[in-house]
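Student:
Protein chains in written order, with the working numbering: chain W, 69 to 329; chain F, 35 to 310; chain X, 2 to 303.
Here is the structure:
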């Protein structure tokens, strides 16, 4: 059974239809990257997976359970699937340690000592133990994102959703975050990423899905997708993105937007 | 024929002139030409009846003001509602006389001029239920409510001085409601107000009225006098007019006309009375 | 324009500033000299207006205090009267203080509750959202004196067991809470809405419930921004406690009413004013300082 099954999901914001019947399965331990032009719906898709956004029609099943069923507990489900956003993840009014221990203490009811232990483990893992008592405003963007990932991991999720987590970072520090994600992947974490980092996707993903106008147009193995896509739309998008990939490295931003300029 | 007419006319004119001259000895110059501007506080049942300056009709002080205007040879009377505290502090300007149940206390005399008394209101306590009220000591034990700025408030706070500070209400309705609800044990007000209140709501069969008044009000000055701005040149004229009116028994007549009907048959002489 | 004002307000410096301006326009604003002159003139103008306004304001205040044989001063600043009546007025002020301190606690609690209920997500909560919106609309619209009258005299009349037996002091607390929690709820909701959505989203996705995410993540951050408006309402509350006079309670203002009649003077009211200012002015300074501190922190984190 697939870990995550998304069946024909539609979602509109008012008149604006963002997801137009999107379907995809993600198997346990799989790492799937979603690529596509901005506004194609990949971020929205990720947010619907852990019920942060409602859907208009279709079904989303996590381990066989429909997350919008009457008897489903949304908070339960959210603990199974962690999410990290592009920015403003960390709680600025709490120290790094408190950020990580908040949910374990309040939701899992761990005592302070146990929660701190757990947090310290994770901090060591992301190699930021020395920032334990700092406040988020003292950390660099990359450090904040790594802490955000650690915080999500504190709830021991079965799957991680990463919504363009490096897009807002200065190019020099993108690497440290990607390295962490690659580690998680090699440890077998089921992950779904929305990303622009094509090279990274090629290295880490088991599968790449190209999302276009709210639907998955094409999906396949990274090498095949990136060098010889079947669908012309995929090819068009990739050519634009890869061509300006070099420019994107120097300038922060969505390669698609830069190409469009 | 014509000569006799002329003589008669001249004689009449001379008499009128003499009368006018006699009156002109006590000079009265109003603030507004030919208008007596009266600063007062209304509504006050039995004393200044009405809700707006234009619709005032009735009450001892209303009648007094109109009579004073006549005595002083003024044809119009204008009433102005004022803040009592400002009035007795000497802060109100632009009026000729003030009539608002103002008793002449020493501090007020420093700031304003007063005529002799025209009226001693009958003050009464309306208590609820089984409150014992026979002596002044009993009075001091009660939780009282009084109206802000009323003569009753002055009597309570400066002379009677009960153990518990009396609550001061800006609105008589609020005070009456408080009495009914038990927030206060008694209200100290004019007899006509007490008579009316004793018929409302839960006070109907469960209240007592006791008169509480100063001894020798007239000689101690604890009676209502007409106030004039400090140093007013009109004092002599107004004072003389007030004395004339009182001597002619007119004030008693007005009390019978305006206050007694409000007592619904209660005879003040039959009510228990305490003096301080 | 500014030159005219400067000259009128403070002649000496105003004239110098005006001449500098003239010189500047002669030299032309495209020259460095011209611009320097203009800058000088600008500074002098500000000086002139500043000094001049101060002199005029002080002079005006002195004028109204001394006019007519110092009538206003004697009316409101009779030091003897103030001294005599201040003890009882200060004693009455204790009632105001107790009222606004206790009421503020309830107001904050009720305000947070209302704000949370107003934004409760999901279909089942629609009735709750509607109820709280109606509550906020009604109580924001009614003048607080009306609320006090209705609560004190209305509730007592019901003769219902719990509602009609409590003391007047608590009725006033209830009335003030009803009134001010409506305003506070709006401020808190506005503050919470101002926090970036991903904060709440991140909290929810860690498994925290709506109330937990509000309590630990959103509201603490929002509170820092809401301090200024909340403080304004708190000061309004302090002043509104004087409305207890309508039910006869002897707070500082009502005592001043009584004392002013006894003393035949308006000076007792100055005593009341002093009591209130002693509380409100330091409070506003504290609020300013907290606001400055918050700004500094925010800028440092950029």
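Ideal placement from N, C-alpha and C gives every residue a C-beta, glycine not left out.
What are the boundary residues of the beta strand (DSSP E) that residue 280 of chain W is part of?
Tutor: Counting along the chain, the beta strand (DSSP E) containing residue 280 of chain W begins and ends at 275 to 280.
Student: In angstroms with no decimal places, state the Cα-to-Cα distance between residue 160 of chain X and residue 87 of chain X.
Tutor: One C-alpha to the other measures close to 39 Å.
Student: Cα-Cα, which of X/41, X/151, X/170 is closest to residue 103 of chain X?
Tutor: If we check each option's Cα against that of residue 103 of chain X, X/170 comes out closest.
Student: Residues of chain F with CB under 7 Å from residue 169 of chain X, in chain order?
Tutor: Simply 217.
Student: Just to confirm, does residue 301 of chain F get its C-beta within under 7 Å of one of the non-hydrogen atoms of the ligand MG?
Tutor: The ligand MG is not among the ligands present in this structure, which contains no ligands whatsoever.
Student: What is the DSSP secondary structure of residue 240 of chain X, reduced to helix, strand or coil?
Tutor: Residue 240 of chain X falls in the helix class under three-state DSSP.
Student: Could you please give me the residues that DSSP links to residue 150 of chain W through a beta bridge?
Tutor: BP columns for residue 150 of chain W point to W/228.
Student: Whose C-beta lies closer than 8 Å to the C-beta of residue 252 of chain F among residues of the same chain, with five residues either side of it excluded?
Tutor: 151, 154.
Student: Distance check for residue 177 of chain X and residue 255 of chain F, CA to CA, integer angstroms please.
Tutor: Approximately 44 Å between the Cα atoms of the pair.
Student: Which of the three DSSP states, helix, strand or coil, is assigned to residue 207 of chain X?
Tutor: In this structure, residue 207 of chain X counts as coil in the three-state DSSP scheme.
Student: Which residues in chain X have a C-beta closer than 7 Å to the C-beta of residue 179 of chain F? List them in chain order.
Tutor: Those within 7 Å of residue 179 of chain F in chain X are 249.
Student: What's the call for residue 184 of chain W, buried or exposed, on a 16-neighbour Cβ count within 10 Å?
Tutor: Per the 10 Å Cβ criterion, buried.
Student: Using the Cβ count rule (16 or more neighbours within 10 Å means buried), how would you classify residue 81 of chain W?
Tutor: Exposed: under 16 other Cβ atoms inside 10 Å.
Student: Applying the criterion that 16 or more other CB atoms from any shown protein chain within 10 Å of the CB defines a buried residue, is residue 264 of chain W buried or exposed?
Tutor: Residue 264 of chain W should be labelled buried.
Student: If we count Cβ pairs, one from each stretch, closer than 8 Å, do we get three or more for the segment 72 to 86 of chain W versus the segment 271 to 279 of chain W?
Tutor: No, because fewer than three Cβ pairs between the segment 72 to 86 of chain W and the segment 271 to 279 of chain W fall closer than 8 Å, the two stretches do not touch.
Student: Quick one: Cα of residue 94 of chain W to Cα of residue 71 of chain W, how far?
Tutor: One C-alpha to the other measures close to 6 Å.
Student: For the beta strand (DSSP E) containing residue 271 of chain W, list its first residue and its last residue.
Tutor: It is not in any beta strand (DSSP E) - residue 271 of chain W instead sits in the alpha helix (DSSP H) that spans 266 to 272.
Student: Residues in the same chain with beta-carbon distance under 8 Å from residue 265 of chain F, minus the five sequence neighbours each way, listed in chain order, please.
Tutor: Here the set comprises 147.
Student: Using the C-alpha atoms, what's the distance from residue 165 of chain W back to residue 267 of chain W?
Tutor: Approximately 33 Å between the Cα atoms of the pair.
Student: Output the distance between the C-alpha atoms of residue 153 of chain W and residue 51 of chain X, rounded to the nearest integer angstrom.
Tutor: Spanning the two alpha carbons is a distance of roughly 52 Å.
Student: What's the call for residue 12 of chain X, buried or exposed, on a 16-neighbour Cβ count within 10 Å?
Tutor: So residue 12 of chain X counts as exposed.
Student: Output needed for residue 228 of chain W: all residues of its chain with C-beta closer than 8 Å, excluding positions within five of it in sequence on either side, in chain order.
Tutor: Correct list, in chain order: 149, 150, 151, 152, 217, 220, 221, 252, 257, 258, 259, 260.
Student: CA-CA distance, residue 113 of chain W and residue 87 of chain W?
Tutor: Straight-line Cα distance between these residues: approximately 7 Å.
Student: Short check: CB of residue 14 of chain F to CB of residue 206 of chain F, under 8 Å?
Tutor: Since the displayed chain F opens at 35 and closes at 310, residue 14 of chain F lies outside it and no answer follows.
Student: Give the range of the beta strand (DSSP E) segment to which residue 69 of chain F is assigned.
Tutor: Where residue 69 of chain F is concerned, the enclosing beta strand (DSSP E) stretches over 69 to 74.
Student: Give the straight-line distance between the Cα atoms of residue 78 of chain W and residue 286 of chain W, rounded to the nearest whole angstrom.
Tutor: Cα to Cα, the separation comes out at about 18 Å.
Student: Consider the Cβ of residue 117 of chain X: report whether some Cβ of chain W lies at a distance smaller than 8 Å.
Tutor: It does not; no Cβ of chain W falls within 8 Å.
Student: Would residue 256 of chain X and residue 89 of chain X qualify as a contact pair, given that the criterion is a beta-carbon distance under 8 Å?
Tutor: Contact: yes.
Student: Which residues in chain F have a C-beta closer than 7 Å to the C-beta of residue 186 of chain X? List them in chain order.
Tutor: Correct list: empty, because the minimum Cβ distance to chain F is about 29 Å.
Student: What is the DSSP secondary structure of residue 56 of chain X, reduced to helix, strand or coil?
Tutor: Residue state, collapsed to three classes: helix.
Student: Exposed or buried, residue 131 of chain X, counting other C-beta atoms within 10 Å across all chains shown (16 or more means buried)?
Tutor: That one is exposed.
Student: For residue 83 of chain F versus residue 90 of chain F, is the C-beta distance shorter than 8 Å?
Tutor: A contact, by the Cβ cut-off of 8 Å.
Student: Does the segment 238 to 252 of chain X come close enough to the segment 208 to 215 of chain F that 3 or more CB-CB pairs lie under 8 Å?
Tutor: Result yes; three or more Cβ-Cβ pairs closer than 8 Å.
Student: Under the three-state reduction of DSSP, which class applies to residue 126 of chain W: helix, strand or coil?
Tutor: Strand at residue 126 of chain W.
Student: Using only the alpha-carbon positions, how far apart do residue 242 of chain X and residue 110 of chain X sit?
Tutor: Using only the alpha carbons, I get a separation of about 19 Å.
Student: When the Cα atoms are used, what is the spatial distance from residue 310 of chain F to residue 239 of chain F?
Tutor: In a straight line, the C-alpha of residue 310 of chain F is about 28 Å away from that of residue 239 of chain F.
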